[in-house]
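For the sequence shown, this note's numbering assigns the number 12 to the initial residue and increments by one for each residue that follows. All residues carry an ideal CB built from backbone N, CA and C; glycine is no exception. Everything below concerns the one structure shown next.
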Amino acid sequence: MEYEVLELATEEECDSSTVSKRSRNSPPSRTANDQLLFGTMCVLNHNTVFELHSVAIKCKTVKCLASEEKFLSLGCPHLDSVLRGGFVNRGITQIYGAAGTGKTQIALQLCLTVQLPIVHGGYEAGAVYISTEGAFPSRRLQELLRESNLTKKFNVTADIIFVTTIHGENTIQELENCIVQKIPHLMATRKIGLLILDSIAAPYRAGYSLNTFGDRAKSLWNIANQLHNLASQYKLTVICINQVSAAISFNNYEVIHPTEQPTLGITWANMITNNFYLCRTGDCRYLYTMQSSYLPRTHIEYRITGSGVSGVCKNK
């Protein structure tokens, strides 16, 4: 992409001979000081040409990046409106929250929306679901396939949802092998638009001791780096589910649950592109934008029913 944008700086516009011809065509009656001043102005104009082209190249690069961005719909107009279309296909999107807030519910619904036509917010592609929290919630997926309006309106099935379950003593090594080796092989043979890791925290809960934090950080970096590479190469939306740990916070924005933050520490946090926090207060659930490359800090209430996850309209 960087090579293509160089076409902006055409040979005619950047040729220094153009500036030289202008100086040769200047009136001969100028004084030495005038000529010196005029020559200085020519140099400044010449430099300005290249500065303008540099700005144009940067703008072109940003425009190219923006044109490549896609947003995976959540299947609800209220949620999509707050998220400006959905979850972006760039970097790593983290969804974290306590148990029962609906993290897996959103992940399962995305497995349906990724199959939608592009004009309806989907990618017309399949999904990869890596489960590290025990058995994959197949019953809930089947319920969504029966009850969701998406399956009634579009040809949404479970046939292109590829599930792998990772558990046991070598969970961390299996997870690395899955993401580094197995997923790229699947990507080469199938059209995949969504990768879900549910959850990133589970393999690391008991996998390392206090004496091996360095190894844990290296493993997390390897996984995050590969996820970024996959997202960039295949234009994937990558969703990582994370749990919460207790911490003291003085951020007024987190006044609802001031003691919850995502687990795995700063190594993992530095690799996250977009960060969304789910919380529950009584019967109300909220999705907060905590960190995003394309969204301001905002929030929306949502509810979970048999047909899926939907936002609550503020006007109601």
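Spanning the alpha carbons of S92 and G133 requires a straight line of approximately 15 Å. As DSSP reads the structure, F224 sits in no beta bridge. DSSP, reduced to helix, strand and coil, places Q244 within a helical segment of the structure shown. Ranked by how close their Cα comes to the Cα of C324, the residues G317, Y313 and S318 have Y313 in first place. Of the residues I311, G293 and R201, the one whose Cα lies closest to the Cα of L94 is I311.
Secondary structure at I190: helix, using DSSP grouped into helix, strand and coil.
Between L121 and I283, the C-beta spacing is not below 8 Å. A213 and I177 have their alpha carbons spaced roughly 10 Å apart.
Using a C-beta cut-off of 8 Å, the segment 176-196 makes no contact with the segment 123-130, since fewer than three inter-stretch Cβ pairs fall below that distance. Counted as a single uninterrupted DSSP element, the stretch harbouring P88 is not any beta strand (DSSP E) but the alpha helix (DSSP H) occupying residues P88 to V93. In the structure shown, the three-state DSSP call for T162 is helix. Of V191, I211, S159 and F287, the smallest CA-CA separation from N240 is found for V191. In the three-state DSSP reduction, S149 falls in the helix class (H, G or I).
Less than 8 Å separates the beta-carbon of L85 from that of T124. Annotated as proximal: S210 and Q254, with beta-carbon spacing under 8 Å. Assignment of H239 by DSSP, reduced to helix, strand and coil, places it in the helix class. Distances from the alpha-carbon of G137 to those of L205, W232 and I252 put L205 closest.
With respect to the 8 Å criterion, I117 and I106 are classified as neighbours on the basis of their beta carbons. Straight-line spacing of the CA atoms in Y297 and S159 works out to 21 Å. In this structure, the straight-line span from the alpha carbon of A235 to that of A228 is close to 10 Å.
In this structure, L83 sits near F98, with a CB-CB distance shorter than 8 Å.
Collapsing the DSSP output to three states places V320 in a strand. In the DSSP assignment, L206 falls within the beta strand (DSSP E) that extends over I203 to D209. The C-beta of E185 has 16 or more other C-beta atoms within 10 Å across all chains shown, which makes the residue buried. Counting of Cβ neighbours within 10 angstroms places Q244 among the exposed residues, the total staying below 16.
Scanning its chain for C-beta atoms nearer than 6 Å, with the 5 sequence neighbours on each side dropped, one finds around L90 the residues G322, in chain order. Less than 8 Å separates the beta-carbon of K246 from that of K81. Excluding sequence positions up to five before and after G317, its CB lies within less than 7 Å of the CB of E154 and E158, all in the same chain and listed in chain order. For A118, the enclosing alpha helix (DSSP H) begins and ends at K114 to T124. The DSSP-derived three-state label of P195 is helix.
With distances taken between CA atoms, L156 lies nearest to I171 out of T143, I171, Q302 and S142.
With 16 or more other Cβ atoms from the protein chains shown falling within 10 Å of its own Cβ, P273 counts as buried. For L231, the closest C-alpha among the options F147, I277 and E271 is that of I277.
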